[in-house]
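There are 2 protein chains.
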Amino acid sequence: MAWQTAEKKQEVSDPRVILEDFLPYRLNVLASLTSNALAQIYAERFGLSIPAWRVVVTLGQYEYRTARDIAAHGVMHKSTISRAVASLEQRGLIARRPNKDDRREALLELTPEGREIYEALAPEALAFEERFVSVLTEEEQRLLVSLIDRLSGHARQLAPEGEVEE
Amino acid sequence: MAWQTAEKKQEVSDPRVILEDFLPYRLNVLASLTSNALAQIYAERFGLSIPAWRVVVTLGQYEYRTARDIAAHGVMHKSTISRAVASLEQRGLIARRPNKDDRREALLELTPEGREIYEALAPEALAFEERFVSVLTEEEQRLLVSLIDRLSGHARQLAPEGEVEE
DNA sequence: AGTTATTGGTTGCATGTGCAACGATAGGGG
DNA sequence: CCCCTATCGTTGCACATGCAACCAATAACT
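Line by line, the protein sequences are chains A and B.
Just so you know, numbering that gives the first Met the number 0 puts 7 at position 8 of the first sequence, and the rest follows in order with no gaps.
Just so you know, numbering that gives the first Met the number 0 puts 98 at position 99 of the second sequence, and the rest follows in order with no gaps.
Listed below in structure tokens is the structure:
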């Protein structure tokens, strides 16, 4: 992975963190790379922020969902989602219908225009993913997803905050 | 992974993105989880931001490195690193020595105080990582790192911007 | 050498983000 | 039925971030 030679002998202090092997770091770098690349698609073309994109994709998949659910599932702050929702609503891409049973929360859904965008976007996102994971075999892809799943589940338990999702 | 049932039948539109299987999403969620958890260690205890933490760890491992290298390696914007470096220098945790051969760039290094912090932090970071990956077998851990490596390498090539690292 | 293009790094500005406080609603005891 | 607590969502505020413009130094070209 370059950046000169990554020698592993004891150069300086003792219990060292080797960035090339440090999983949180590697994970974040990879996440940034994919996130940035993917963002080019939905940002440049439809002016969506990351949170907005996530709202749209979620509603594209699930029809109805509350802001809280989306936030918890994606490990995002509720204020972040709140603002994304406000902006999407203003643009007429989503609508909220207050929940009769619990009037604190609102169910979100795509408007026809919102769904139009989603349907233009979804194939591109999938194509991007396809290109992105094409260096791995099918087998490896499945394996990767399963490893990520287990790590995420575990990490959610370790999380101190009550953001343990729905 | 909860959040109700993730049925895969055709509920709405056609080429759908299934969040639970969509790798960029999963990757980012996992990265957030680990990042947040790890940040608790170095933020609460030493007031380091994520970029600052990265600078410290890099210099802990490599002794000397330029701001540009650190930015490229971690896929961060150069202004982000610039500010982190300025802040760390002000706090007396790192020092810069201008490069005689190319006076545009400066080599960064930890001061003794900076190294002290690093040496307090490194074991904790490693312990965190240990806890974090403890759900996976050694074998799986190696595999995961290798998969991430290959994906990162590939993603860097796909990256449009010239941030192809050092 | 002289002009032009690149590159490392900094900074002003506009925007995004987390946090804490808040309003409104809901749930649980007494 | 009332009070106390918890929860969904919004908002003001401080701070972080990306971008573009910029400076200084270097490289490239003629």
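Even glycine gets a Cβ: it sits at the ideal position worked out from N, Cα and C.
The beta carbons of Leu157 (chain A) and Ala124 (chain B) sit no closer together than 8 Å. Below the 8 Å Cβ cutoff, chain B contributes Leu146 as neighbours of Glu139 (chain A), in chain order. The beta carbon of Phe127 (chain A) sits closer than 8 Å to those of Ala36, Leu37 and Ile40, all from its chain and outside the five residues before and after it, given in chain order. Neighbourhood of Phe21 (chain B) in chain A, by CB distance below 9 Å: Val56, Ala124, Leu125 and Glu128, in chain order. In the three-state DSSP reduction, Pro111 (chain A) falls in the helix class (H, G or I). Rounded to the nearest whole angstrom, the C-alpha separation of Glu88 (chain A) and Val84 (chain B) is 40 Å.
Along the segment 24 to 40 of chain B, the positions whose C-beta sits under 9 Å from a C-beta of chain A are Tyr24, Arg25, Leu26, Asn27, Val28, Leu29, Ala30, Ser31, Leu32, Thr33, Ser34, Asn35, Ala36, Leu37 and Gln39, read in chain order. Taking all protein chains shown into account, Pro14 (chain B) has fewer than 16 neighbouring C-beta atoms within 10 Å of its C-beta and is therefore exposed. In the displayed model, Pro14 (chain B) falls within coil according to three-state DSSP, outside both helix and strand.
At least 8 Å separates the beta-carbon of Leu107 (chain B) from that of Arg155 (chain B). Distances from the CA of Ser133 (chain B) to each of A:Val56, A:Ile17 and A:Arg149 were compared; the closest alpha carbon is that of A:Arg149. Put simply, the backbone Cα of Pro23 (chain B) is about 11 Å away from that of Val144 (chain A). By the neighbour-count definition (other C-beta atoms within 10 Å, threshold 16), Pro50 (chain B) is a buried residue. His153 (chain A) reaches chain B at Val134, counting residues in chain order whose Cβ is nearer than 7 Å.
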